[in-house]
Amino acid sequence: MSRLSRRGLIGAGAAGMGGLLLAGCDRLSASPSFQKFIGTGEDLTFGAQRILLAGQPLAREYSLSQLSPTFKSNGTSMPGGDAYRALLDNAFANYHLAVEGLVARPARFSLADLKAMPARTQITRHDCVEGWSAIGQWTGVPLGHLLRTVGVAPAARFVVLHCADDLENSTDGSGQYYESIDLFDAFHPQTILAYAMNGKPLVPAHGAPLRLRVERQLGYKQAKYVMRLQLVDRVERIKGGKGGYWEDRGYEWYAGI
Ligand SMILES: Nc1nc2c(c(=O)[nH]1)N[C@H]1C(S)=C(S)[C@@H](COP(=O)(O)O)O[C@H]1N2
Ligand SMILES: [Mo]
């Protein structure tokens, strides 16, 4: 491949990333290593990887001294129903996270299994559309690690997170909270399934035993009480078809901050 056609490919790739990612791309093009790469025509894989990473900027992280003294609980603060009650009464010893759908090896993980995996701790700001924010510290297993463990099938594009709470006490599951993210966000280094908050085990008000943190998106994407992950190629066939409880009721699917 000539240097010129490599450049063309890289340019097309960067343009295709869209306006949202421009800040990251600008930073990238200013870096000496990127300029050197453009100048000397290193191999395309390196360039393509750098461009993909440029589209995955990290959300800001804070220090312990910046933790909010209070962190509001929003939406469900205690899921109803006997099943959740029974899990809670037993300190979630019988809890399992099911991972299924478009994966090579469907699996169930206990809380102990998840805690034995590599962990990440991060202090981030949670922004709710209702107009409040709070800074909290979250510890959990990177979702990317879990997905590599089960093996994502080539056709998979989204991770759907099914939760234990039903906001409408529906009998058919239509009021059950759920969310979905794409694989870019799923493999983002700050996307974790958190089991601890501010250094303590997660309490029911904040999503015990397991809740999603997807730090570049708004509060309603941060699914609490996660029971099951389903890998899918499209979200149209799930519940209301818009990829989440609030999305089915008019909110945006991509809730970027
Ligand atoms: N399962 C579930 N997840 C949920 C919600 C909910 O009602 N049920 N509310 C969402 C909204 S709107 C926000 S702002 C955050 C609130 O998280 P917190 O209670 O830990 O502050 O959880 C999100 N995840
Ligand atoms: Mo929210």
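Residue numbers in the sequence shown follow this note's numbering, run continuously in steps of one, and reach 258 at the last position.
Cβ coordinates follow ideal geometry from the N, Cα and C atoms, glycine included.
Remember, it's a predicted structure, so these values are computed and weren't measured experimentally.
- [ ] Whole angstroms is fine: what's the gap from P80's alpha carbon to D167's?
- [x] 7 Å
Task: Straight-line gap, Y226 to D90 (C-alpha atoms, nearest Å) - done: 15 Å
Task: Limits of the unbroken alpha helix (DSSP H) element including R149 - done: L144 to V151
Task: Selection from R158, E180, S171 and I124 that minimises the alpha carbon distance to Y252 - done: E180
Task: Residues near ligand 1, criterion Cβ-heavy atom distance below 5 Å - done: After applying the 5 Å Cβ criterion, the set is S74, N75, G76, T77, C129, C164, D166, Y178, H207, G220, Y221, Q223, A224, K225 and Y226.
- [ ] Quick one: grab the DSSP three-state call for E180.
- [x] strand
Task: Local Cβ density within 10 Å of V204, reported as buried at 16 or more and exposed below that - done: exposed
TODO: Provide the residue span of the alpha helix (DSSP H) that contains Y246, from first to last.
DONE: Looking at the DSSP string, Y246 is not in any alpha helix (DSSP H), and its letter there is neither H nor E.
Task: Other residues of its chain near I136: CB distance less than 6 Å, five sequence neighbours each side excluded - done: Taking C-beta separations shorter than 6 Å and ignoring five residues to either side along the sequence, the partners of I136 in its chain run Y63, Q67, L68, S69 and R126, following chain order.
Task: Straight-line gap, A206 to A154 (C-alpha atoms, nearest Å) - done: 34 Å
Task: Cut-off 8 Å between Cβ atoms - residues of its own chain near S78, not counting five sequence neighbours on either side - done: Within the same chain, S78 has close Cβ partners P205 and A206.
Open item on the list: On the criterion of 16 or more Cβ atoms from any shown chain inside 10 Å, does D44 qualify as buried, or is it exposed?
Closed with: Reliability of the predicted coordinates at D44 is poor, the pLDDT of 49 falling under 50, and the value obtained from them is presented with this limitation in mind. So D44 counts as exposed.
Task: Length of the line joining the Cα atoms of A156 and S74 - done: 36 Å
TODO: Please specify which runs of the beta strand (DSSP E), each continuous and at least 3 residues long, are wholly inside the segment 95–124, giving them in chain order.
DONE: 97–102 and 108–111
Task: Residue burial classification, W139 (beta-carbon count within 10 angstroms, cutoff 16) - done: buried
Task: Range covered by the beta strand (DSSP E) that runs through L162 - done: F159 to D167
- [ ] Could you tell me which of C129, P210, Y96 and S171 sits nearest to S111, measuring between CA atoms?
- [x] With distances taken between Cα atoms, S111 lies closest to Y96.
TODO: Compare the beta carbon distance of L144 and A187 with 7 Å and say whether it is the shorter of the two.
DONE: yes
Open item on the list: Taking the straight line between their C-alpha atoms, what separation do you get for A99 and G132?
Closed with: 33 Å
Task: Among M228, T71 and D249, the one whose alpha carbon lies nearest that of A108 - done: M228
Task: Y196: first and last residue of the uninterrupted beta strand (DSSP E) it sits in - done: For Y196, the enclosing beta strand (DSSP E) stretches over residues I193 to M198.
Open item on the list: Can you tell me which residues form a DSSP beta bridge with V233?
Closed with: F159
- [ ] In angstroms with no decimal places, state the Cα-to-Cα distance between G141 and L148.
- [x] 14 Å
- [ ] Assign R250 to one of two classes, buried (16 or more other C-beta atoms within 10 Å of its C-beta) or exposed (fewer than that).
- [x] exposed
Open item on the list: One question on the structure: do V215 and F159 come within less than 7 Å of each other, judged by their Cβ atoms?
Closed with: Annotated as distal: V215 and F159, with beta-carbon spacing of 7 Å or more.
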